[in-house]
Amino acid sequence: MDQSKTKSYASALYSLITVFFFWGFLAASNGVFIPFCKTHFHLTQFESQLIDFTFYGGYFIGSLILYFVSQLTKVDLLNKIGYKNGIVYGLLISTVGALAMVPAINNGHFAFILTAFFVVAVGFSLQQTAANPFVIALGPPESGSHRLNFAGGVNNFGGLLGPIVVSLVLFGSSQGSDQSTVSITSVNNLYFILAGLFLAVALFYRFSNLPQINSTESVEASTSSNRPLLLITLGFLLVLVANPLEKLTGLSNSYFIYGALAVILLSLIYVLLAPKNNPDSWGAMQYPQLILGMIAIFTYVGVEVSTQSNMGALLKLPAFGGYADSAIKPYISLYWGSLMIGRWTGAISAFKLSKSTKNILTVIVPFIAFGIILLFNHLSGTDVGNLYLYSICVVVLIVAFFMGQEKPTRVLMIFGLLGMFAMIVGLLTTGQIAIYAFLSGGLCCSIMWPSIFSLALAGLGKYTSQGSAFLIMMILGGSVIPPVQGILADTAGIHISYIIPVICFAYIAFFAVRVGTELKKQGIDMNQVEAAGGH
C-alpha cells in the first residue's frame, strides 16, 4: 500500500470512529435518562426499563431485517449499497429518531418516546453492521484488530462522557435536584443537538472522500435457522405487549415477561440439541460453539446494560445513599468507565511488545484510565473523593488479567466468576461496599464481547460472516434482560433483583468451560484463538 493511500485510509478511519463515539455516548446516557423518565412519567421500574428494551431491540430488529432481506433476495443488502452508504443511511435514520424525541417529550406520551428510541437504535444497527467491517477494510487485514480496538476505545470514551454531559444538560451543575426541577426545554435541546450532530456527520460522510468499500462474501442459505429466529422475535414481541396482555387477560405481566425470556432461551437450546441431519440447511447454527456463544452474547449484553439501568433506582434507596437523580451521574459514568479500564488493558495484548513491557503496562494502563474517569467527573463539578476506594476493584482487575495469561477461555471464566462474586457481595451488603461491588460488574464485562465473539466463531469457515450476524442479533439481551430485572424489582425489590446479573455471569463462566470442550472435539486449540475487537 503506497504512502498516500495509507494516509488517506488513516484519515478515513479517524472520521469513521465518530459513530463509535455516538453508540457509547447514547447507550451510557440511558442510565441517567431512565430515572428522569421514571419520575416524569410516573413509571414502574419495569416500565422504565422499556427504554433499554426499545433501544437494544432496535439493534435486533435492524439486524434481523438485513438478514432476512439477504436470505430472500440472495443478495447482501449492505454489500449492494456499500459500507459508506450504510453508515450514511443509518445516521439519517438516527437523525429522524432524535428529532422525533422532541414532540414525544412535549406530548408526554411514553410510547411515543419508546418509538423514537427504537428508530434511533435501528439507525445504530445499520451503522454498526457497516462500520465494524469498514474499519477492518481500512488497511492491512493483519492490523484490523488494532483498528477495532482503537475504535472500541473511542466507544468507551463516549460511554464515559454520556452520563456526565446528559446530566449537566438536564440538571446543570446541581447535585441535589430531582427530576421535578428539569426543564423540558433542556431535554429538547439535548435531542436537537444530537440530531444536528447525526445529520452533520451523515453529510460529511456523504460528501467526503471516504473510500467506497463493499463486502465480497457470498450469502449462505440456512433455511432451518429461520424458524428459531422467528421464535426469538416472538419472544421479543411478547415483552412489548406484556402490559396490554395484562389488561386483556387479568394475568400479571410478569408471566409474559418471564415467558418471553423462556421462549428466547428455549429456542436456542432446541437448536443446540436438535439433530442436524442436513447440516448445511442450518448454516452457522450447525456449530454448537455458535449457539452457546449466542446465549453468551445475549446474557453478556443483558447483564452489562441491566446492571447500570437499574442502578438509578437502587441508589435512591436510603441504604444505598438516597441519592437524588442529578447525583447519580458519577456512578453511571464510573460503571461505563470501568468497561474502558478493562478494554484498554485488554488491548495491550494486541500489540507486539516484550513480556516485561506488557506486564508493566497491564499495571499502569488501568490506573491511567481510572484517572481519566476521575478527571472528567471532577471537571463536571463532582466531588470524586468517595470514588478513590474503587481503586481496590481496579487492582483485582489487574490480578485477573495476570491470572488469565491472555487465554480466552481462562480469561472469560475468571471474569465470569468474578462477576458472580461481585454481584453476590452486592446482594449481601449495602452502602458503598455494595455500590462498588455492583459497579465492578463493568470491569468484569469489559473483556467479554471480544472473547465470546472469537470463541463462538472459531471453526465456522465459510459461515463465519453469517455467524457474526447471528451474534450481533443477540444484542437483544440488552433489550430483554433489563425488563426482566425490572419486573423482579417491582415484585421483590430493586436490591434483590440483582440476582439476575448473578445468573448471567454464571452462564458466561459456564460457557467459557463448555466452549473449550466443544472446540477440542473439533480439533481446535482454543488457547490459540485471539480475542479481537470490542463492543
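Under the working numbering, the first residue of the sequence shown is numbered 240, with each subsequent residue one higher.
Positions of the beta carbon are idealized from the N, C-alpha and C atoms, including for glycine.
Answer yes or no: do residue i and residue j have a C-beta to C-beta separation smaller than 8 Å?
i    : j    : result
F559 : A673 : yes
K597 : S588 : yes
A267 : G398 : yes
N616 : I273 : no
I320 : V361 : no
I747 : L651 : yes
I391 : R582 : First, the amino acid is wrong: residue 391 is Gly here, not Ile. Their beta carbons are under 8 Å apart, which means G391 touches R582 by this criterion.
I631 : V741 : no
F389 : F260 : no
L531 : L511 : yes
F677 : G658 : no
G297 : F357 : yes
P467 : L507 : yes
G698 : L618 : no
L255 : F363 : no
S577 : S406 : no
F437 : S302 : no
N448 : I344 : no
F606 : V638 : no
G498 : L477 : yes
F744 : V544 : no
Y629 : Y675 : yes
F275 : L409 : yes
I290 : L353 : yes
A369 : L316 : no
Under 8 Å by Cβ, that's how I've got residue i and residue j pegged, so tell me the actual separation to the nearest angstrom.
i    : j    : result
M713 : M533 : 5 Å
F285 : G681 : About 23 Å; that fails the 8 Å criterion.
R445 : V327 : 5 Å
G706 : L529 : 5 Å
G790 : A350 : For the chain, the structure presents residues 240 to 774; residue 790 sits outside this window and is missing.
G325 : L265 : With 8 Å as the limit, G325 and L265 do not qualify as a contact, their Cβ atoms being about 19 Å apart.
T283 : D729 : 5 Å
F750 : A535 : 4 Å
G585 : S685 : 7 Å
Using the Cα positions of residue i and residue j, report the straight-line distance between them to the nearest angstrom.
i    : j    : result
A810 : G620 : The structure shown does not extend to residue 810, since the chain spans only 240 to 774, so no value can be given for it.
S461 : H734 : 43 Å
T293 : A552 : 19 Å
A563 : S309 : 48 Å
L490 : L636 : 44 Å
V540 : G716 : 5 Å
H690 : A434 : At residue 690 the sequence reads Ser, which differs from the His that was named. The alpha-carbon atoms of S690 and A434 are separated by roughly 34 Å.
G210 : K591 : Residue 210 falls outside the range modelled here, since the chain spans only 240 to 774, and no answer is possible.
F280 : G347 : 7 Å
L185 : F654 : Residue 185 lies beyond the range of the chain shown here (240 to 774); nothing can be said about it.
A322 : T257 : In the sequence on display, residue 322 carries Tyr and not Ala. Rounded to the nearest angstrom, the two C-alpha atoms are 15 Å apart.
F475 : V719 : 7 Å
Q288 : I612 : 26 Å
I571 : C683 : 15 Å
L473 : D622 : 46 Å
V440 : Q367 : 15 Å
A523 : L429 : 42 Å
F641 : T601 : 8 Å
L331 : V359 : 9 Å
R386 : S693 : 16 Å
D519 : Q525 : 8 Å
I503 : T538 : 11 Å
L626 : L573 : 9 Å
K515 : W521 : 8 Å
G624 : Y494 : 44 Å
D241 : G378 : Only weak support is given to the placement of D241: the predicted model assigns it a pLDDT of 45, under 50, and the value that follows is read from those uncertain coordinates. The alpha-carbon atoms of D241 and G378 are separated by roughly 11 Å.
N549 : P557 : 16 Å
Q547 : L710 : 22 Å
I375 : P647 : 21 Å
T488 : V723 : 20 Å
N394 : I603 : 21 Å
S419 : T278 : Any reading at S419 is ruled out, since the residue's pLDDT is 47, under 50, leaving its predicted position unreliable.
K760 : N482 : 45 Å
E485 : N492 : 5 Å
G329 : T669 : 43 Å
Which full runs of the alpha helix (DSSP H) of 4+ residues lie inside the segment 276-324, going along the chain?
284-287, 289-312, 316-320
I'd like the ranges of any alpha helix (DSSP H) spanning at least 4 consecutive residues and lying wholly in the segment 627-653.
630-643
Runs of 4 residues minimum, wholly inside the segment 692-739: which ones carry the alpha helix (DSSP H) assignment?
703-712, 716-731
Can you give, in chain order, each stretch of the alpha helix (DSSP H) that sits fully within the segment 558-606 and has at least 4 residues?
568-585
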